[in-house]
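Counting with this note's numbering, you get residues 2 to 111 for the letters of the sequence shown. From the three backbone atoms N, C-alpha and C, an ideal C-beta is built for every residue, glycine too. For reference, the structure discussed in these notes is given below.
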Amino acid sequence: MYLEITLLYQLHLRYGDTYQVSSWISLPPVYTINPENVRAINLLKDFGITLIRLPGIEYFCRQGFITMDSETWSYSRKLLKLSFALSNIRDLTILKGEVDALLKQFPKDG
């Protein structure tokens, strides 16, 4: 995972905040770390993703903000947004315990 992050960071240093990669087997992916682009993606409702993502990952993600457009996306995002309300993230004590328990499950040898 760390290697992937390092590689992506190096690619962003080389090609800029946003770049597109050629692909022979799918639509060319666009990678971005530009905050305005990320914000725009999170606010758009109809970006044509349903036909691209749903067939490949519906089994894992079902129909929600990751796989859908339009009203289904909007409804899913609205539900998720409540989880990130300031009152819910002000005290992360409970979450810390859960994350610590998860990390203990990882092998000690990396």
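If you draw a straight line from the Cα of S84 to the Cα of I67, it comes to about 16 Å. Going by beta carbons, T51 and M69 fall inside the 7 Å limit. Unbroken beta strand (DSSP E) runs of no fewer than 3 residues, entirely contained in the stretch 27-61, are found at 31-33, following chain order.
The Cβ neighbour count for W74, taken over all protein chains shown within 10 Å, is at least 16; the residue is labelled buried. Our two residues, V100 and K109, have alpha carbons roughly 16 Å apart in a direct line.
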